[in-house]
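S.K.: Taking this note's numbering, the leading residue of the sequence shown gets 1039, the next gets one more, and so forth.
Submitted below is the structure of interest, expressed as structure tokens.
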Amino acid sequence: MFMQGQMSIQQKAMMLIGRPVGISLRNGQGVSGVICNVQGGQVYIMQYMYATQFATFHYSFNDINDILPYPAC
1039 MFMQGQMSIQ
1049 QKAMMLIGRP
1059 VGISLRNGQG
1069 VSGVICNVQG
1079 GQVYIMQYMY
1089 ATQFATFHYS
1099 FNDINDILPY
1109 PAC
């Protein structure tokens, strides 16, 4: 097994399916949500929009710098 620092983005994403995460993108932006799926070179994230609205977004592994699980409170 790889140490966490050596894991690929895909390995991290697959381990964190169903968990809340923060994702740092290569363009300097960040997003947060729950990983719903990892498929076709992309990570699918359920993100909160506003009021009672949630939406699923997808991000290519090539666009992701890192994925971190939310820490405990």
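Glycine is no exception: its CB is placed at the ideal position from the N, C-alpha and C atoms.
Keep in mind it's a predicted model, so treat the numbers as computed, not measured.
Tell me where the beta strand (DSSP E) around A1110 begins and ends.
M.R.: No beta strand (DSSP E) contains A1110, which DSSP labels as neither H nor E.
S.K.: Can you give me the start and stop residues for the beta strand (DSSP E) that Q1091 sits inside?
M.R.: Its beta strand (DSSP E) spans residues 1091 to 1098.
S.K.: Quick one, which of Y1108, A1110, L1063, Q1048 has its alpha-carbon nearest Q1077's?
M.R.: Nearest option by C-alpha distance: Q1048.
S.K.: Could you name the residues of the same chain whose beta carbon sits closer than 6 angstroms to that of I1055, not counting the 5 residues immediately before and after it, in chain order?
M.R.: Counting only Cβ-Cβ distances below 6 angstroms, and skipping sequence neighbours, we find I1073.
S.K.: Could you check if G1079 is buried or exposed, using at least 16 other CB atoms within 10 Å of its CB as the buried criterion?
M.R.: By the 10 Å Cβ count, G1079 comes out exposed.
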